[in-house]
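Note that the protein sequences, when read in sequence, are chains L and R.
Its first residue numbered 1, the first sequence is counted upward by one per residue in this note's numbering.
Its first residue numbered 387, the second sequence is counted upward by one per residue in this note's numbering.
For glycine and all other residues, C-beta sits at the position ideal for the given N, C-alpha and C.
What you are looking at is a predicted structure, and each value in this text was computed from that prediction instead of being measured.
Here the structure comes first, spelled out in structure tokens, and everything after it is commentary.
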Amino acid sequence: MTETDEKAPAPVPAGPSTGAKLGKRLLKVNVILLILLPIALLYFPRFVDNTTLLQVVATANIFVMFAASWDILSGYTGQVNFGHAAFIGFGAYTVALLSKYQPAVNNELALLIGTSTAALLGIAIGVPCLRLKGPYLALATLSVAGALVQLTFIFKSQTGGEDGLANVSAVTEGTITGPLGEKLSELVLGPLTYAGLGGFDQYIYVSYFVTLAVMILMVGGLMALGYGKRGLVLRSIQQDELAAEAAGVPLTRYKLAAFVLSAACAGLAGGLYAQVRGTVALDLLAVDLSLLVIIIAAFGGAGSIIGPALGAYAVILLQGYYLDRASTLFVEHPELKLGSFSLLLIIVLLVQPRGLVPPLLQRLGGKGSPSQAAGATMVESGGAKP
Amino acid sequence: MDVLVQGALTSAVIALVAIGFSLVYGVGGIVNLAHGSFFMIGAYSAFAATEAGAPLVVAAVIGILAAMLGGILLERLVIAPIRHQEVAVLIATLAVAILVQSGVQFFYGGLERQLPGFVSGSVSVFGVGIQQTRLLAGLVALVTIVGVLLVLSKSPAGRMVRAVAEDEEASVLIGVRPERVTLYVLAIGAGLAGLAGVLTAPYGVLTPTMWLLPLTQAFAIVILGGLGSIQGTVLASVVVGFLDRFVAFNVKDGDIKVGLVTVAVILATLILRPQGFLGKVVR
């Protein structure tokens, strides 16, 4: 792999003065987005009294974490992980098994344990995969996720096999009625939409706000990391491993750290997903999920954290809500959704390999050289040019 | 004895899938994650043809042709435009695999299907009773593989393929068109995988996710044998095939553990000898 990309990670200005200005404007757009988005999401329930939609957004919050955690490894270092579902499912199943066999463990601790086991899996996979790249890494990660699916069959009595496990200890349950319920409803929903819900439905709103809070923390942390000095180091690994090593980057440590961080974040999100859904099943380990994460990241533009995050909202809202309302065909044949996304992904790869969000951000930030885009060049790297 | 005979037959069938996978990588540098889908397309097309009333032999041919057509379409529409972007090809072909999966699920549902056998009953080979369909599958696969190897080593077309695999730029200099060769090799590899799908359909089951195991096995084989090395591929198929049957017969619930063994093989090889056991050192 001798990639020579003119799209360097650091803002390499095309013209000396305009470049820096552009970078600043772009940063401003990013910052505005970063502040506006959480606020909008915080107030979202006030204006939408559609609980289905709210639940879909809660799910989308979780997928944002899936995509962002994938991005810190694959989008940044270029070690493209084709089996992210392995980490997600591992965290989710850990939480579910804990809730089945150790009901005494509370939710937060279960999440913590899920996160750590996923991180351990990250080490277990990361170490043998350190030297691999491109196709080797892709197929290795793909088959590890496949192996986990088979493990659930082998330990069918514990994991439920293809039925999965139900009754995972939920984030919270029940409805608070009475004055307290009304108070909470008014606080969260405002007077506008609070129209006789008969109390505060904890489950929906708590899952919404919990996922939102964890998502903001995780994405914020990953972005701080990604846009900081360490992110630059991670990118340098993608651009040219040898040069990075020659420049004194401790390759092994950085690559493994990215692997473990990605795994831990995915495990946390997976565990949270299990608690929000109340069930775990094989779809949390399947190739379909791994690809969906890649689809999201590719739509959003890998290597920018914010891109995949926005991509997740678009894809999950479509998948969980709007497509069902667009045509009954999608209700009867849910598999068509992933099918259409795959088709779209292929088209995006052929037409706009940098994803959709980075070019858009760039447009917002002002016209200019493509080197200003926050998006990485994941799909463009690895060119076979000798 | 059981394991030996059955292992030999299984090896032949999975080698059929793996050879195409390995050839396509060797020639075009393309790792085609949709390779398992050709296996599935072959099996399902043959199934569809028998449903429509076609005789079995015709159905088998239809299955192979459908897989080849799939290979040609894949190369022309998806791979060719992004051929030199390794990671993009990986993602795009995985997307194609999922696209095919959801298409199959749309038309046939998630239910398991089965093709009627070409022959029925069982015979005894070296004192081991085998279903005739399995025997036929193994023998046809074996003959095909020998044929492919002969073509590769003796014919002018095979020389061209090997030339491109060896050095793409140099092959251009002697008048070979690598794009063309890639297309042909992909189509033939797809056909071979389709043939394997048709052959195993009578004793395997047809599901929309049946593409993953052959893909993983082909990958394990190719890693074990070294990406791009044909002799390595054939040898490794034997190893994986025997392991497959050994586990299926001797371990409790062996059938579902087969995939795990494959992954273990992959990881062990990657740790011990990343370039495979007969592969060239890349980079």
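Query: Spell out whether any CB of chain L is found under 9 Å from the CB atom of Gly457(R).; Result: no
Query: May I ask which residues mark the beginning and end of the alpha helix (DSSP H) holding Asn636(R)?; Result: 616-636
Query: Quick one: is Ser17(L) near chain R, going by C-beta distance under 9 Å?; Result: For Ser17(L), the predicted model reports a pLDDT of 42, less than 50, meaning its position is unreliable and no value from the coordinates is stated.
Query: Which of helix, strand or coil does DSSP assign to Gln238(L)?; Result: helix
Query: Nearest-angstrom Cα distance between Gly91(L) and Ala40(L)?; Result: 29 Å
Query: So which residues of chain L does Gln491(R) contact, with C-beta pairs closer than 7 Å?; Result: Glu335
Query: Using a Cβ-Cβ distance cut-off of 9 Å, determine whether Pro594(R) contacts chain L.; Result: yes
Query: With burial defined as no fewer than 16 other Cβ atoms inside 10 Å of the residue's Cβ, what is the status of Ala263(L): buried or exposed?; Result: buried
Query: Residues of chain L with CB under 9 Å from Gly645(R), in chain order?; Result: Ser143, Gly146, Ala147, Val149, Gln150
Query: If you measure from the beta carbon of Ile400(R) to each beta carbon in chain L, is any gap under 9 Å?; Result: no
Query: For the stretch 102-117 of chain L against the stretch 329-336 of chain L, do three or more pairs of beta-carbon atoms, one drawn from each stretch, fall closer than 8 Å, so that the two count as touching?; Result: no
Query: In three-state DSSP terms, what is Gln79(L)?; Result: coil
Query: Can you pull the chain R residues whose beta carbon is under 9 Å from the beta carbon of Leu338(L), in chain order?; Result: Ile484, Leu485, Gln487, Ser488
Query: Using 8 Å as the threshold, is the stretch 113-120 of chain L in touch with the stretch 266-277 of chain L, meaning 3 or more CB pairs across them?; Result: yes
Query: Have a look at Pro135(L), Phe341(L), Ala297(L), Ile32(L) and flag the residue whose alpha-carbon is nearest the alpha-carbon of Gly320(L).; Result: Phe341(L)
Query: Compute the beta-carbon to beta-carbon distance between Ala527(R) and Val399(R), rounded to the nearest angstrom, for a pair I have assumed lies under 8 Å.; Result: 5 Å
Query: Check the Cβ-Cβ distances between Ala452(R) and every residue of chain L, and say whether any is below 9 Å.; Result: no
Query: Determine the closest residue to Leu459(R) out of Ser423(R), Val562(R), Pro600(R), with distance taken between C-alpha atoms.; Result: Ser423(R)
Query: When you compare only the Cα positions, how much space is there between Ile607(R) and Val626(R)?; Result: 7 Å
Query: Suppose you measure from the CA of Gly160(L) to the CA of Thr593(R); what does that come to, to the nearest Å?; Result: 21 Å
Query: What does Leu165(L) pair with, by DSSP beta-bridge criteria?; Result: Val280(L)
Query: So is Glu552(R) buried or exposed if we call it buried at 16+ other beta carbons inside 10 Å?; Result: exposed
Query: Any residues in the stretch 524-542 of chain R with a beta carbon nearer than 8 Å to a beta carbon of chain L? Which ones, in chain order?; Result: none
Query: Within 9 Å (strictly less), CB to CB, does Leu284(L) reach chain R?; Result: no
Query: Tell me, to the nearest whole angstrom, how far the beta carbon of Gly524(R) is from that of Ala429(R); I am working on the premise that it is less than 8 Å.; Result: Not confirmed; about 17 Å, so no contact.
Query: Identify, in the order they occur along the chain, each residue of the same chain with its Cβ nearer than 6 Å to the Cβ of Leu222(L), setting aside the five sequence neighbours on each side.; Result: Ala68, Ile72, Ile305
Query: In whole angstroms, what separates the C-alpha of Trp597(R) from that of Tyr101(L)?; Result: 35 Å
Query: Compare the C-beta of Thr396(R) against all C-beta atoms of chain L and say whether one is closer than 9 Å.; Result: no
Query: What first and last residue would you give for the alpha helix (DSSP H) that runs through Pro128(L)?; Result: 107-129
Query: Could you tell me which of Ala85(L), Met215(L), Ala274(L), Leu343(L) sits nearest to Leu34(L), measuring between CA atoms?; Result: Met215(L)
Query: Using a Cβ cut-off of 9 Å (strictly closer), state whether Phe605(R) contacts chain L.; Result: yes
Query: Give me the chain L residues within the contact set of Pro467(R), using Cβ-Cβ distance strictly less than 8 Å, ordered along the chain.; Result: Leu350
Query: Here's the rule: buried if 16 or more other CB atoms are within 10 angstroms of the residue's CB, otherwise exposed. What is Thr59(L)?; Result: buried
Query: If you check the beta carbons only, do Val260(L) and Ile347(L) fall under 9 Å apart?; Result: no
Query: Alpha carbon to alpha carbon, how far is Thr479(R) from Leu485(R)?; Result: 9 Å
Query: Is Ile448(R) close to chain L, meaning its C-beta is less than 9 Å from at least one C-beta of that chain?; Result: no
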